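Engineer: Handing you a structure now.
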Amino acid sequence: MTTALIKSLSILTKPIREAQLSDGQSPQTALVSALQRNLSELRERMSGDEEMEEARHLLEEVRRDITWFCSDTNDLTWSFVQECLLLLLCLARHFNRLLEAFNQIPAAPNPATPEAAPPLPPDVLSVAQQKTLGTVLQFVVTLGLCPYLAPGVGVALGLRSVFGAAVEGAVRHDVAPVGERRLLITTNVLLEVSALSSLATPVFTRHLGDIMAALCQLAYRPQRPEGDGTKGKGLTVEERKTCKEALHSLLGKVYQPIVIKELLVLQGGPKQASSGSRGGCAGGGGKALAQAPPWLRRLCGQLLSDRLIQPQGVQAVVRAILEGTGAGGDSDWRKCDAVAKILAACPQQSLSAESYYSQVCPQVLELLHFKDKLTAQQFQRVATRAALIMVQDRPEFARQFLLFPLLSPLRRCAQGTGDDLSQDAVEEWELTRCIEDVYKICVVGNNPSEVLLKALADVISALFNLFCFTKQNVSHLRTSCQEILIWCLSHSERSVALLLLKRLCGLLGEVSGVRHGFQFSPGSEGGARLTVRELISDEDDALYEKVSGEQWRVQCLVELLGEMKDSDLPGEYFLLLLQDLTAVAAEQDEVEQEVDTSSMTLLELEQHLLGCAGGHGQRLALLQALAIMCEGLPHTLLLSKPTQVVGFIASMLQRACVSLERGTDSPVESQTLSMGMGLVATLLSGAAELTADDYSSMAALLPHLEQISQQHQEPVIQELASDLRATIATHGAYCPTTVPRTATQHSTAHSPAQPAGHSSNSLPARAQVPSQSVTHPKRTTDPSVTPKVKDFQTAGRIPNPGISEASSSKAFSECLLEACDPDVPTRAVALRSLTRSVRDGDKEALQNKEKLLTLFLENLEHEDSFVYLSAIQGLAVLADSFPEQILQRLLGEYQTGATVCPPKRERSLETRLKVGEVLMRACRAMGDLAPHYGRPLIGVFLSGTRDEDSSVRASSLSNLGELCQRLNFSLGPLAQELSTCLTALIKTDREAEVRRAAVHVIALVLRGLSDKTTQVLGDVLLELYRALKWVVRSDPDDVAVLHAQLALEELDDVMRRFIFPQQKLEKKIVVLP
């Protein structure tokens, strides 16, 4: 009978032959004729063929049992659908009977071949039969389900295929039964047929979306009001309730990613796609989806939210959107980010935000634990982005439901009691998963936020103890722990990071990384686990273990700081420890002087002694940390910036000031003072190239030098401190002879012939400073350190200058002093002399280019033209000699309108325009180097065209024209941006001078490019031409019109040479090989 039923279905779906098509026949007519012909043939075969007799009896039996069959319908398509549905019911009933008989009689095992496969169940279809069944299902859905869906519900037939467009014209909606009833009948039959597993596969694999759309419409579509001419067409309450139950049952038993995909399709397209109709032209497969009705969008949103908060719902949503996207690519990243935003946003249909995040956050963390490489990569992207978005947007819920479970193993390591030792232990897999998840979210995600950093800081002690443990063993957690610690310290605020480092060193008390009674132990898989610590009965052994453990933690911390090569944190922490050392020494002296123990009780005395012991412990910990840092870190990392070198000197001078206040004079304080003042003198004597920023940072030394000059008992040291203070205050403009002389003595103090305790009487009369040898660590200098920092660090190893250099230095110093003279002619002449020195390549002038730059910039603000024009000329020569350094500084002055170096102050508009004049002269002097040095200038000039002041806009345009005409082919990538800027200014700026300048830029560019114009400006040439024509026709300013006419003449010459090139009479001679 199975063969007969399948044969009946194949007769119904027999395709139309070309010979049966008549000329001029519409697709709708041809479809109806084919359906009529197939129905007639099936009835003839059913009535006359003996092979079909059994199938005919079953068909009549099914027809008697159903109540929805309509025999008097005038719609041929519905008659065809009814026959298909009857045959499907017959096939399902026949399979049910066969399965019942098959299951009642168990198959006998074959003793000859026990490994043979079991017999196939009777409902298995062949490939040809499955193809026929699929064709019938497609006809049923296309003719009996999709035409009766409301507009916007599901995918319209016109958007699917040419056949779908023909079906829409062939179905009649004006005859019985009504469309809603037909939809209900078709949906119920398909659900009844799909109850059989062999028939459910072809139904749901291809038509799940249509069935879901039908159930949504039948169950949730709002009822039409009475009196609108549609009475009798609605469904009963029981029918709608049955459809709701069927929909929820279907959503619960189908693979969830597929359900989510279909729900997303049912939600329809965006609002702008709402104009698309269901009756679109054939072949509209590329059209966007129509907008779904509001009730369907709300329903799909509710169903999607229900899918999301179910167990494994987050995974289902991610799989539904990302399955089949592959790995990598921009679209994949965008999809992952979009899914993460969906997961991080609480839907409107959710009962409360707290319940939503309490169900979703654990599932987000589970996405980090997949082992499959492709799936794990995509899921990790989604989970990381979702977690970071939650932390940023909803910190209160992320802290409770995301970060707390994430960091729970580390928190359990640091907190809790040791009463129940067996239950409080942390397993290896928990710690491993915790570290891996934190690494993925923090280091890989790399989106620091205050909430995330604070949560990580709460468990950083346990994390650091785990890192110290991994340094003692071979563990795969070592790199992850190190990267997490570096990330946390690098992205935390500097004050917080320094506080964390002090806590990890034990300078703020005992490090509570692991709770009392527990310790980390090696795991079986290369990780770590928290186990109970064995008690140590011997006090000496316990003390040794404690001290060695503290020392090991400090060594690990120093190694961790050694990995932060691109950060200033190690140097700042080193300077902080030096400041603490000075403060501790002062506090210790005060305590020893003020406390009187004679009147104390025994309890008070005990508390005082314990406090003193604790203070001694803190001081020892501080000294230990400093010693290990000096031993384990290179000086290039401890003092990686000039400001840190100055801070190191300040700490030494501060300790010397503390000893002066206490009235003590020990060899240590004398050596400290000698080293500090010697380094300052060496820096100021020209050993390092000091900038205005360096002098500003050295202002922190002024209070200490002033205190030394007033309180020190030796007049020579007082005078030297005063001279150093004057040199720093004047930024090197005033430099007494004691400064270079002291620097020379300091650089030669460390020699084999001179003992460490060399007497200060051997120094010259004006430089009798107690000098001691300066010990430099014997380490290889890091090549990554900038030359300026190297100059600071090797400042004590320069030779004495010669007599000729001294005279040259004297002349240069006199010019610097005269450049500050209030007399205008003297100042102008000095500025021109300095300019000439730079142009001639004078060594002293070139070494002090930063001083000259500051001097010229300050003289730009002078009101006399003789002075500021000399300063402009000097700046232009400096920019020509040192384009990379000077141009960057000038660009900062011109762009912000404020001084780049502290103290920052606003410059006047006139001064900004003078800087613009300097930049214009620099552009003219660049020549062939303009493409190399001109890229930063273009950005600043383009930004200047948006300035609020019209003068600055005109100045920027003038400089832009001077630069662009020298860029040649380098202007190509910037042509579009330049054209847009100039066109906008020409048409929108209200100031005539700005419009003139914009038109003049076009003329300069055309003049500079000449015959290369068509190659460089080919894409924007038409736009520039239209802008010039617009100026000629519409601009009220005569000067702007004149500039535009000149630019058009330039363009005309260029195009004439391009279209009519000059003929050259030449003969080419080619030598053949």
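Count along the sequence shown starting at 1, add 196, and that's the number in this note's numbering. Idealized CB from N, CA, C, for every residue including glycine. Predicted model only: the values in this text are computed from it and were never measured.
#1: Taking the DSSP output, what are the residues bridged to ARG725?
#2: Closer than 8 Å, CB to CB, is SER870 near chain C or not?
#3: Would you check if there are 3 or more beta carbon pairs closer than 8 Å linking the stretch 1155 to 1165 to the stretch 1116 to 1134?
#4: Should ILE1070 and PHE1052 be called a contact, given that it needs their Cβ atoms to be closer than 8 Å?
#5: Can you tell me which of the three DSSP states GLY641 falls into?
#6: In three-state DSSP terms, what is LEU898?
#7: Using 8 Å as the cut-off, can you tell me whether the stretch 885 to 901 makes contact with the stretch 930 to 938, which would need three or more C-beta pairs spanning the two stretches below that distance?
#8: For LEU284 versus VAL385, is the C-beta distance shorter than 8 Å?
#9: Count the other C-beta atoms from every protein chain shown that fall within 10 angstroms of the C-beta of ALA738, then say buried if there are 16 or more, exposed otherwise.
#10: Do GLY709 and THR628 have their C-beta atoms within less than 8 Å of each other?
#11: Going by other Cβ atoms of all chains shown within 10 Å of its Cβ, with 16 needed for buried, is TRP529 buried or exposed?
#12: Short of 8 Å in beta carbon distance, which residues of its chain neighbour PRO1132, apart from the five on each side in sequence? Order them along the chain.
#13: Report buried or exposed for ARG749, applying the criterion of at least 16 other Cβ atoms within 10 angstroms of its Cβ.
#14: Tell me where the alpha helix (DSSP H) around LEU916 begins and ends.
#15: According to DSSP, which residues form a beta bridge with GLY1088?
#16: Do the stretch 1212 to 1228 and the stretch 1253 to 1260 touch if we need at least three Cβ pairs shorter than 8 Å?
#17: Looking at C-alpha atoms only, which residue of ASP568, ILE1068, ILE207, LYS1039 is the closest neighbour of ALA1024?
#18: Tell me which same chain residues have a C-beta within less than 7 Å of the C-beta of SER763, skipping the five on either side of it?
#19: By the 10 Å Cβ neighbour count, where 16 or more other Cβ atoms means buried, how is VAL587 classified, buried or exposed?
#20: Mind reading off the beta-carbon distance from SER1175 to LEU1220? Whole number of angstroms is fine, and I expect it under 8 Å.
#21: Tell me whether the beta-carbon of ARG1191 lies closer than 8 Å to the beta-carbon of ASP1185.
#22: Could you tell me which residues DSSP pairs with GLY464 in its beta bridges?
#23: Going straight from the alpha carbon of GLY350 to that of GLU458, what length do you get?
#24: Between the stretch 553 to 565 and the stretch 604 to 611, are three or more C-beta pairs nearer than 8 Å?
#25: Determine the closest residue to PHE663 out of ARG581, GLU646, ILE682, with distance taken between C-alpha atoms.
#26: Using the Cα positions of ASP1248 and VAL1111, report the straight-line distance between them to the nearest angstrom.
#27: State the Cα-Cα distance for the pair VAL323 and PHE400, rounded to the nearest angstrom.
#28: Just how far apart, CA to CA, sit SER229 and TYR344?
#29: So, with DSSP's three-state summary, where would you put ILE301?
#30: What separation, rounded to the nearest whole angstrom, lies between the Cα atoms of GLU788 and ARG858?
#31: Does the Cβ-Cβ distance between LEU201 and LEU238 come in under 8 Å?
#32: Express the C-alpha separation of PRO1018 and PHE844 in angstroms, rounding to a whole number.
#33: What's the C-alpha gap between LYS567 and GLN574?
#34: Report the rounded CA-to-CA distance for VAL1197 versus GLU1158, giving the unit in angstroms.
#35: For the candidate residues LEU856, GLN840, ASP1207, TRP1226, whose alpha-carbon lies nearest to that of ARG1253?
#36: Over what stretch of residues does the alpha helix (DSSP H) that includes ASP654 continue unbroken?
Structural biologist: In this structure, then:
#1: Beta-bridge analysis with DSSP links ARG725 to SER717.
#2: Looking at the structure shown, chain C is missing, and only one protein chain is on hand.
#3: yes
#4: According to the sequence provided, residue 1070 is Gly. The question's Ile does not apply to it. Yes. Within cutoff.
#5: coil
#6: helix
#7: no
#8: In terms of Cβ geometry, LEU284 and VAL385 form a close pair [threshold 8 Å].
#9: By the Cβ neighbour-count rule, ALA738 is exposed, with fewer than 16 other Cβ atoms within 10 Å of its own.
#10: GLY709 is not a Cβ neighbour of THR628, given a cutoff of 8 Å.
#11: exposed
#12: Excluding residues within five positions, the ones whose Cβ falls inside 8 Å are LEU1083, GLN1084, LEU1087.
#13: buried
#14: 911 to 925
#15: Partner(s): none; GLY1088 has no beta bridge.
#16: no
#17: ILE1068
#18: Closer than 7 Å at Cβ, skipping near neighbours: SER686.
#19: buried
#20: 6 Å
#21: Closer than 8 Å, so yes.
#22: GLN487
#23: 9 Å
#24: no
#25: ILE682
#26: 35 Å
#27: 18 Å
#28: 22 Å
#29: coil
#30: Low per-residue confidence applies at GLU788: pLDDT is 49, beneath 50, and the placement is therefore not dependable, though the value from the model is reported in the following sentence. Taking the straight line from one Cα to the other gives about 12 Å.
#31: no
#32: 38 Å
#33: 11 Å
#34: Annotation: VAL1197 to GLU1158 spans about 8 Å, alpha carbon to alpha carbon.
#35: With distances taken between Cα atoms, ARG1253 lies closest to ASP1207.
#36: 646 to 654
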